[in-house]
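This report concerns only the one structure given below.
2 protein chains.
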Amino acid sequence: MSEAVAERLLARKDEILERLKALLRLPSVSTDPAYAEGMRATREFLMARLREGGVADVRLLDGGGQPAITGAWTGAPGKPTFIIYGHYDVQPPDPLELWKSPPFEPTIRDGRIYARGASDVKGSTLIAVETVIEFIKAGGCPVNIRFFLEGEEEIGSPSLPAIIERHPDALAGDAMISADGGRASTTVPTINVGSRGLTALRFSLRTASKDMHSGRYGGAVRNANHEMARLIASLHDEAGRIAVPGFMDDLAPIGDREAADAAALPVDEAAFYGAIGAKPYGTPERSVRERITLLPTIEVNGMWGGYTGAGTKTVLPCEAHAKLTMRLGPGMDPARAQRVVREHLLARAPEGVSLTFEAGGPGTPAFTLGEGHPLLAAAESVIRRTTNRAPVRARAGGTIPITAIFKERLGIDTLTFGFAMPDEDVHAPNEFFRLSSLEEGLRAWPLLLTELGRLDPAALRRA
Amino acid sequence: MSEAVAERLLARKDEILERLKALLRLPSVSTDPAYAEGMRATREFLMARLREGGVADVRLLDGGGQPAITGAWTGAPGKPTFIIYGHYDVQPPDPLELWKSPPFEPTIRDGRIYARGASDVKGSTLIAVETVIEFIKAGGCPVNIRFFLEGEEEIGSPSLPAIIERHPDALAGDAMISADGGRASTTVPTINVGSRGLTALRFSLRTASKDMHSGRYGGAVRNANHEMARLIASLHDEAGRIAVPGFMDDLAPIGDREAADAAALPVDEAAFYGAIGAKPYGTPERSVRERITLLPTIEVNGMWGGYTGAGTKTVLPCEAHAKLTMRLGPGMDPARAQRVVREHLLARAPEGVSLTFEAGGPGTPAFTLGEGHPLLAAAESVIRRTTNRAPVRARAGGTIPITAIFKERLGIDTLTFGFAMPDEDVHAPNEFFRLSSLEEGLRAWPLLLTELGRLDPAALRRA
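Taken in order, these protein sequences are the chains called A and B.
In this text, residue positions in the first sequence follow my numbering: the first is 54, and each later residue adds one.
In this text, residue positions in the second sequence follow my numbering: the first is 54, and each later residue adds one.
Right, dumping it as structure tokens:
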């Protein structure tokens with residue numbers, strides 16, 4: 054049946070593209086209250102489509118912030134239940150002046166649809182929604198489905214724990230399939246088998262109780278900017294290796310399988326660095342693919358201190374600030390990573406330099422879909438059939454917090470099965486989604502749901 | 054005659070205090086166009102007082118910005134001509150909420166007059182003005198006088214070169230006496246014999262052509278913040294000594310006289326560091342006084358890069374920025390200091406890190422009133438008589454750009470003879486001026502003008 058469903062989906066590809074355009078016209082920027090109406094309209098649009106398509110129990114799940122959308126189809130008794138994850142919020146469109154066509158006026162150029170949220174992740178979310186609707190139209194789905202379309206993914210899912218807490222029924226399932234989390238290559242078929250974790254730490258540094266005049270005090274007082282620079286410089290060695298003692302101690306060693314998977318998807322360094330105008334860098338003992346997917350990082354995302362306005366101000370600043378995030382490799386504990394970095398900074402701060410820390414939440418560990426996991430086998434089978442190639446197992450360098458949150462809170466694993474590609478300028482001007490990806494997704498999702506229908510629910514939960 | 058003039062000035066001390074209050078009520082904030090009316094009213098006030106007091110040729114000197122006020126008394130043929138420098142503009146009063154009494158409502162508490170500009174420098178400027186007027190009233194001044202009351206001191210004197218260029222007659226003199234540039238101690242009488250120079254350099258650093266996603270690129274690309282931190286950290290050693298090779302090469306060695314002068318005015322470290330809540334720091338081989346007056350500095354007044362807003366953003370920033378100013382010791386060339394720092398930074402920047410520089414103007418060299426200078430001898434004699442103590446020769450750690458500008462453009466030396474004290478919260482809330490300083494100034498200025506009347510104009514210009 055899955056092939057017939059795929060055929061029907063492809064037959065109404067133009068209609069689905071029009072639906073995607075309509076969805077992209079709704080400006081659902083979760084971080085900015087000015088877009089509240091766009092958020093509301095987007096929810097209405099998706100809920101109306103789910104209801105119209107025969108999905109039951111369509112409603113909002115409130116967790117105190119932007120609500121998530123749920124809806125269920127449970128007509129496959131004995132079959133496993135899958136939560137289908139997507140998100141309806143998007144990044145802010147700024148800087149507007151760099152867009153070639155307006156961010157909320159979807160525009161097709163050269164086989165791509167340009168709009169904010171096209172790649173991240175309204176395109177892939179709609180593929181999943183339309184696939185389920187098509188199955189329902191054809192008599193039923195091979196598996197039970199609960200949609201979970203989040204409205205706060207782009208702001209770090211602050212209400213997600215509360216939503217999970219308050220609405221356990223809506224999230225009861227055997228595994229999750231995520232429309233978010235795209236493909237790792239524009240040329241090689243890949244299956245995502247993991248992602249790095251993430252934890253955040255902010256700190257401020259103080260050398261005196263007030264800003265000083267650089268003429269009156271300069272030469273005899275510690276400048277907060279200089280001290281901050283020393284501390285930040287101490288985090289890495291010259292080659293870019295992390296220099297914080299003990300930071301890597303709980304990193305799982307890179308095994309043969311991980312090394313082989315990484316080697317199977319080598320980074321084209323000329324293209325990789327050329328696209329961003331940068332030079333090769335980082336832990337020399339590891340390949341670029343390993344550096345960006347398996348090794349942890351400590352990145353100072355922001356730092357500032359003293360006068361940053363126009364012209365010159367001869368201030369000797371007493372405080373400086375930094376925001377760090379760390380990407381975590383498999384095995385690393387987010388709380389431990391934070392603690393080790395805090396201890397390193399405290400140990401390096403000389404007398405007269407006081408530090409204050411602010412932890413950026415509990416953090417997310419790395420996620421791995423283990424060798425032999427039934428979700429992995431199902432996805433590989435589908436990709437082999439739709440592409441006629443064996444997919445490469447790829448880890449994501451980024452973090453998919455829901456994978457860890459759902460594993461931790463609900464005990465379920467996640468298969469990411471999105472169709473975004475890595476060059477589609479997500480979070481940047483001129484975000485786009487390939488029309489060919491829309492087609493590939495509409496071909497693959499029916500096959501995937503059919504494969505998943507063959508799995509034993511108990512085996513999924515044991516995996 | 055000078056003692057009689059001083060007596061008469063002191064006799065009308067209350068009237069002069071009322072005049073000072075009236076002057077302080079006029080909000081002459083040069084940096085903010087909203088205060089244009091306050092600037093105009095302040096000019097009118099001072100010009101009216103000069104005219105009323107018998108000063109001739111009172112007028113404005115236009116240089117394209119806030120005009121300066123001039124006026125002359127030239128009734129002492131054969132005697133030297135002194136330019137009396139002061140400024141009528143003040144710093145902005147912000148933050149207003151920290152003032153105990155409103156900044157433009159002068160209020161007397163505990164023998165101090167609190168108001169914006171009281172210490173910097175309307176108090177000392179008015180002492181000079183009233184002294185000259187009192188001499189004129191008594192039949193004439195011991196020297197020829199040209200007032201030069203600037204309106205842009207607090208914004209870096211942008212029009213000063215143009216004013217000097219356009220109005221050479223108004224600035225023809227043998228030396229300058231500045232009411233700006235106060236005393237170095239609240240307990241020991243001092244004479245200022247020099248100040249550090251100043252030069253500014255801004256630079257930006259780039260590691261890629263665009264900001265990147267820390268998940269997709271983290272671990273394989275240089276983070277601009279990390280690179281900026283390394284460069285800033287390379288400017289000093291751990292003890293706070295400047296680590297830029299060659300930077301100190303043109304610094305005049307600290308001689309016996311300089312060391313003795315510095316030792317004669319030791320910094321009370323407990324009070325100095327206690328007042329700012331900081332710990333002792335800086336070149337260990339030199340005393341705190343030497344560190345803050347004779348040694349050069351490189352201070353990063355501002356640095357910033359990446360995301361500095363609320364919350365967390367997992368950006369891997371491609372650019373970072375820094376604003377530096379350097380205080381220069383005697384002998385140092387501002388252009389050379391800039392060049393040496395630029396070369397150091399360029400030499401330390403690894404492949405893949407590009408730097409761009411923006412020089413902050415030509416800079417100002419340090420200023421020194423040499424041993425045996427007739428202005429110095431005159432000032433020392435006056436202070437000895439008014440305090441019954443031998444004044445200590447003190448250098449200022451800050452920069453008095455007019456001293457260097459007048460030396461360079463007009464070939465004349467400057468004696469700073471202001472009565473502000475170093476603890477009077479200039480440029481800060483609750484600025485004040487001591488009423489005792491008003492009295493000391495009114496006693497000392499008549500003596501000074503009389504001493505200066507004994508000098509040979511030619512000797513002044515040769516000094």
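Every residue, glycine too, gets a C-beta built ideally from N, C-alpha and C.
Is the Cβ of W357/B closer than 7 angstroms to any Cβ of chain A? Residue-level contact by beta carbon holds for W357/B and chain A, with a gap shorter than 7 angstroms.
Given that a residue counts as buried once 16 or more other Cβ atoms are within 10 Å of its Cβ, and exposed if not, what is P387/B? A residue is called buried once 16 or more other Cβ atoms fall within 10 Å of its Cβ, and P387/B is buried on that count.
Cα-Cα separation, G364/A to P454/B: Straight-line Cα distance between these residues: approximately 17 angstroms.
Quick one: residues in its chain with C-beta nearer than 8 angstroms to the C-beta of L103/B, no 5 flanking neighbours on either side, listed in chain order? By the criterion of a C-beta distance shorter than 8 angstroms, L103/B is surrounded in its chain by V111, I122, G124, V182, I186 and F200, once the five residues flanking it on both sides are discounted.
Measuring only between beta-carbons, confirm whether A286/A sits less than 7 angstroms from chain B. Yes, A286/A counts as interfacial toward chain B.
Looking at chain A, is there any beta carbon in it that lies within less than 7 angstroms of the beta carbon of V394/B? So, not an interface residue.
N-terminal and C-terminal residue of the alpha helix (DSSP H) that G91/A is part of: Residues A89 to E105.
Determine, for R515/B, whether the minimum Cβ-Cβ distance to residues of chain A falls below 7 angstroms. No, R515/B does not count as interfacial toward chain A.
Helix, strand or coil: which one does DSSP assign to Y167/A? DSSP, reduced to helix, strand and coil, places Y167/A within a strand of the structure shown.
Buried or exposed for E71/B, please, with buried defined as at least 16 other CB atoms from any protein chain shown within 10 angstroms of its CB. Exposed: under 16 other Cβ atoms inside 10 Å.
List the residues of chain B whose Cβ lies closer than 7 angstroms to the Cβ of L348/A, in chain order. What L348/A touches in chain B, judged by beta-carbon distance under 7 angstroms, is G272, going in chain order.
Whether G471/A touches S177/A by CB criterion (7 angstroms): Yes, the Cβ-Cβ distance between G471/A and S177/A is below 7 angstroms.
Just to confirm the assignment: which complete beta strand (DSSP E) runs, minimum length 3, are found wholly within the segment 207–242 of chain A? DSSP runs (the beta strand (DSSP E)) wholly in the segment 207–242 of chain A: 228–231.
Would you list, in chain order, the members of the segment 186–210 of chain A that have their beta-carbon closer than 9 angstroms to a beta-carbon of chain B? Residues of the segment 186–210 of chain A with a C-beta atom less than 9 angstroms from some C-beta of chain B are I208 and G209, listed in chain order.
Minimum C-alpha distance to D290/A - residue among K74/A, R65/A, E492/A and T336/A: Nearest of K74/A, R65/A, E492/A and T336/A to D290/A, Cα basis: T336/A.
Which residues of chain B have a Cβ atom closer than 8 angstroms to the Cβ of R380/A, listed in chain order? Those are S267, G268, G271 and G272, listed as they occur along chain B.
Please name the residue, chosen from G464/B, L288/B, P306/B and F98/B, that lies closest to R339/B on a Cα-to-Cα basis. The shortest C-alpha to C-alpha distance from R339/B to any of G464/B, L288/B, P306/B and F98/B is the one to P306/B.
Kindly list, in the order they appear in chain B, the residues whose Cβ is closer than 9 angstroms to that of L369/A. For L369/A, the chain B residues whose Cβ falls inside 9 angstroms of its Cβ are T350, E352 and N354, in order along the chain.
In chain order, what residues of the same chain have a beta carbon less than 8 angstroms from the beta carbon of K146/A, not counting five sequence neighbours either side? The sequence as given places Pro at residue 146/A; Lys does not occur at that position. Cβ-Cβ distances below 8 angstroms link P146/A to P80, V82, W152, P156, F157, R169 and P482 in the same chain, with the five nearest sequence neighbours on each side left out; the list follows chain order.
Is it right to say A447/B is buried, meaning 16 or more other beta carbons lie within 10 angstroms of its own, or is it exposed? With 16 or more other Cβ atoms inside 10 Å of its own Cβ, A447/B counts as buried.
What is the DSSP secondary structure of S262/A, reduced to helix, strand or coil? S262/A: coil per DSSP, three-state reduction.
Identify whether V174/A lies in helix, strand or coil by the three-state DSSP scheme. Looking at V174/A - three-state DSSP - the assignment turns out to be helix.
Which class does I136/A belong to by DSSP, given the choice of helix, strand or coil? Under the three-state reduction of DSSP output, I136/A falls in the strand class.
Run through chain A and tell me which residues come within less than 7 angstroms of G247/B, C-beta to C-beta. In chain order: nothing, as chain A lies at least about 12 angstroms away.
Chain A beta carbons: is any one of them nearer than 7 angstroms to that of T127/B? Chain A, which has no Cβ nearer than 7 angstroms to the Cβ of T127/B, makes this no.
Please identify, using Cβ separations under 9 angstroms, the residues of the segment 463–488 of chain A that lie next to chain B, in order along the chain. Across the segment 463–488 of chain A, CB contacts with chain B closer than 9 angstroms involve P475, V479, H480 and A481, in sequence order along the chain.
Kindly indicate the opening and closing residues of the alpha helix (DSSP H) around G382/A. Per DSSP, G382/A lies in no alpha helix (DSSP H) segment and is marked neither H nor E.
Give a yes or no on whether 7 angstroms exceeds the smallest Cβ distance from V341/A to chain B. So, interface residue.
Can you tell me the Cα-Cα spacing of S299/A and A375/A, whole angstroms? Checking the displayed sequence, the identity of residue 299/A turns out to be Gly instead of Ser. Rounded to the nearest angstrom, the gap between the Cα atoms of G299/A and A375/A is 21 angstroms.
My assumption, with CB atoms under 8 angstroms, is that G204/A sits in contact with Y141/A. Please give the rounded CB distance. Indeed they touch by this definition, with Cβ atoms about 6 angstroms apart.
Output, in chain order, the set of chain A residues within a Cβ distance shorter than 9 angstroms of I458/B. In chain order: nothing, as chain A lies at least about 17 angstroms away.
R249/A: which of G234/A, F256/A, V241/A and T260/A sits nearest, CA to CA? The residue with the shortest Cα to Cα distance from R249/A is G234/A.
For chain A, is any of its Cβ atoms less than 7 angstroms away from the one on R448/B? Taking Cβ atoms only, chain A never reaches closer than 7 angstroms to R448/B, which makes this a no.
Cβ shell of R219/B (< 8 angstroms), same chain only, five flanking positions each side left out: L114, D115 and G116.
First and last residue of the beta strand (DSSP E) that includes M474/B? If you look at M474/B, you'll find it isn't in any beta strand (DSSP E); DSSP assigns it neither H nor E.
Contact residues within the segment 120–145 of chain B, judged by C-beta distance below 9 angstroms to chain A: Listed in sequence order: no entries.
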